[in-house]
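Asker: Quick note on my numbering: the sequence shown kicks off at 7 and runs consecutively. All C-beta atoms, glycine included, are put in the ideal place defined by N, C-alpha and C. Note that this is a predicted model, so its numbers are computed, not measured.
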Amino acid sequence: MLKKILLWSVLVFALIQLIPVDRKPKPIDRKNNFADIQKTPIHIASILRKACYDCHSNETQYPWYAYVAPISWTVKDHVNEGRARLNYSEWYGYNEDQKKGILQKSISTLQQRTMPMAAYMIKHPEANLTLTDRNLLIQYFKYLLDAKKQDGMQNVEHFIHEVQGSIKK
Numbered sequence: 007m008l009k010k011i012l013l014w015s016v017l018v019f020a021l022i023q024l025i026p027v028d029r030k031p032k033p034i035d036r037k038n039n040f041a042d043i044q045k046t047p048i049h050i051a052s053i054l055r056k057a058c059y060d061c062h063s064n065e066t067q068y069p070w071y072a073y074v075a076p077i078s079w080t081v082k083d084h085v086n087e088g089r090a091r092l093n094y095s096e097w098y099g100y101n102e103d104q105k106k107g108i109l110q111k112s113i114s115t116l117q118q119r120t121m122p123m124a125a126y127m128i129k130h131p132e133a134n135l136t137l138t139d140r141n142l143l144i145q146y147f148k149y150l151l152d153a154k155k156q157d158g159m160q161n162v163e164h165f166i167h168e169v170q171g172s173i174k175k
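What follows is the structure in C-alpha cells.
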C-alpha cells in the first residue's frame with residue numbers, strides 16, 4: 007500500500023511539472039522605469055533593485071525553485087500580486103495620483119517593515135534592508151512627494167547631501 011501511495015505521489019509530482027507557468031520576461035523600456043524617470047541616484051536605485059525589483063518590476067530574477075511545481079505557482083502568484091500593486095518598470099503608466107499613493111504606501115510599508123516580505127528574505131538575504139538603507143528609501147520617497155507638491159523635481163544632489171548629513175548624525 008505504501009509503495010502504491012509513493013508511486014502515485016511521484017507520478018502526480020511529475021505530471022504537475024507539465025503545467026506551464028508563464029515566466030517570459032516582459033520587454034524592458036528604460037524610459038518607463040522609475041529610476042530613470044525620477045533620476046534616482048545610483049545608490050538608491052541599487053537598494054531598490056536588490057530589495058524590490060524581483061516582485062515589483064519586469065526584471066524578476068527567478069531562482070531555481072521557481073521552476074518546480076507547485077512552488078512555481080506560488081512564486082508566480084507573489085510576483086503577479088507584487089506587480090499589480092507596484093511595477094517600477096511601468097512607472098510612466100501611472101497617473102500622478104497613483105504615483106503619490108504608491109510613494110505613500112511604500113513609505114508606510116518600509117516604516118512598518120512589512121516589505122520586503124520576511125519569507126522572501128529567507129532565500130534572498132541580500133534583500134534584507136539595513137536601517138540606513140530603509141531610512142534612505144523613506145527619505146527619498148518623502149523627497150519625491152515633497153517635490154511633487156512643489157510642482158517639479160528639486161536638485162537630486164541636494165537631496166543626497168541632506169540625507170547623507172542626516173544619516174551621519
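#1: Output the boundary residues of the alpha helix (DSSP H) element that contains Trp79.
#2: Is Asp139 close to chain B? Criterion is C-beta to C-beta, closer than 8 Å.
#3: Helix, strand or coil: how does DSSP classify Gln118 here?
#4: Suppose you measure from the CA of Asn38 to the CA of Gly99; what does that come to, to the nearest Å?
#5: Sorted by chain position, which residues of the same chain lie with C-beta nearer than 6 Å to Ser112's C-beta, five sequence neighbours on each side aside?
#6: Report the three-state DSSP secondary structure of His49 (helix, strand or coil).
#7: Met121: buried (16+ other C-beta within 10 angstroms of its C-beta) or exposed?
#8: Candidates Leu150, Pro76, Lys9, Ala124: which alpha carbon is nearest Lys106's?
#9: For Lys105, which three-state DSSP category applies?
#10: For Val81, count neighbouring Cβ atoms within 10 angstroms of its own Cβ and tell me buried if that reaches 16, exposed if not.
#11: Confirm, please, whether the CB-CB distance from Ser78 to Ile34 is below 8 Å.
#12: Determine the DSSP secondary structure at Thr141, reduced to helix, strand or coil.
Answerer: Let's see:
#1: 77–91
#2: Among the chains in the structure shown there is no chain B, since it carries only a single protein chain.
#3: helix
#4: 7 Å
#5: Phe147
#6: helix
#7: buried
#8: Leu150
#9: helix
#10: buried
#11: no
#12: Just to set this straight, residue 141 is Asn in the shown sequence, not Thr. Correct three-state label for Asn141: helix.
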